[in-house]
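Engineer: Next up is a structure, given as structure tokens.
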Amino acid sequence: MSGAARPGTYALILQSRRRTTLSIGRRGELALTPGYYVYVGSAFGPGGVAARVARHFRRVKKKHWHIDYLREALVPVVAWCSYEAERLEHRWAGAFRDLPGMTPVPGFGCSDCRCDAHLFRCRRMPDADAFSRRSGSRVDTLAFPVGD
147 MSGAARPGTY ALILQSRRRT TLSIGRRGEL ALTPGYYVYV GSAFGPGGVA
197 ARVARHFRRV KKKHWHIDYL REALVPVVAW CSYEAERLEH RWAGAFRDLP
247 GMTPVPGFGC SDCRCDAHLF RCRRMPDADA FSRRSGSRVD TLAFPVGD
């Protein structure tokens, strides 16, 4: 399997530069404040992590997941990923929740699981090393050009 199509777990780091409110499909409105947002997900289907992250980073696309709505107002910064065969998104959500300065956005991105949230707010750019230690995962960085 090529590196580009490897399945795994990812965390998108996005930045809000201004205060705004978005309509998130059936979920309703979400108030965004300046700072960083972290969205945790997994990609075990065709295309793997790289394809899923590239899709999330595109601005223009059909809206399917909660995260698709956020791209209208948030700027992608980086994605962290793990190519472990185990689905780590729930453990990662717990690790982000437990990091100092992280605030969960209740119910966001976790409609198919028991997690409180898969989206977190923070004022400063999260630290990959601190997250890696907290989650117990080796984390790789994916950088994508931001486009439409």
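Under my numbering, the final residue of the sequence shown carries the number 294; numbering is consecutive throughout.
Cβ coordinates follow ideal geometry from the N, Cα and C atoms, glycine included.
Quantities reported herein were computed from a predicted structural model and do not represent experimental measurements.
Check the C-beta distance from Ala225 over to Tyr156 and give it rounded, since I have them as a contact under 8 Å.
Structural biologist: Residue numbering aside, residue 225 sits at position 79 when the sequence shown is read from its first letter. Residue numbering aside, residue 156 sits at position 10 when the sequence shown is read from its first letter. Contact flag correct, Cβ pair sits at about 5 Å.
Engineer: Ends of the alpha helix (DSSP H) at Arg201?
Structural biologist: Numbered from 1 along the sequence shown, position 55 holds the residue referred to as residue 201. Segment 194-203, the alpha helix (DSSP H) holding Arg201.
Engineer: Here's a check: name, in chain order, each residue in its chain whose Cβ is nearer than 6 Å to the Cβ of Ser188, leaving out the five neighbours to either side.
Structural biologist: In the sequence shown, the residue the question calls residue 188 occupies position 42. Contacts found: Thr155, Arg233, Glu235.
Engineer: Going by DSSP, what residues sit across from Ser169 in a beta bridge?
Structural biologist: For the purposes of this step, residue 169 is taken as residue 23 along the sequence shown, with counting starting at 1. Beta-bridge pairing links Ser169 to Glu175.
Engineer: Less than 6 Å between C-beta atoms, sequence neighbours within five positions excluded: which residues of the same chain meet that for Arg198?
Structural biologist: The residue given as residue 198 occupies position 52 in the sequence shown. Answer for Arg198: Ala189, listed in chain order.
Engineer: With a CB to CB cut of under 8 Å and the five nearest residues on each side skipped, what residues in its chain are close to Lys209?
Structural biologist: Here the question's residue 209 lines up with position 63 in the sequence shown. So the qualifying residues of the chain are Gly171, Tyr215.
Engineer: Considering only C-alpha positions, which residue in the set Arg269, Tyr229, Gly191, Met248 is nearest to Ser283?
Structural biologist: In the sequence shown, residue 283 corresponds to position 137, counting from 1. The candidate whose alpha carbon is nearest that of Ser283 is Tyr229.
Engineer: How would you call Val221, buried or exposed, if buried means at least 16 neighbouring beta carbons within 10 angstroms?
Structural biologist: Looking up residue 221 in the sequence shown gives position 75. Burial call: exposed.
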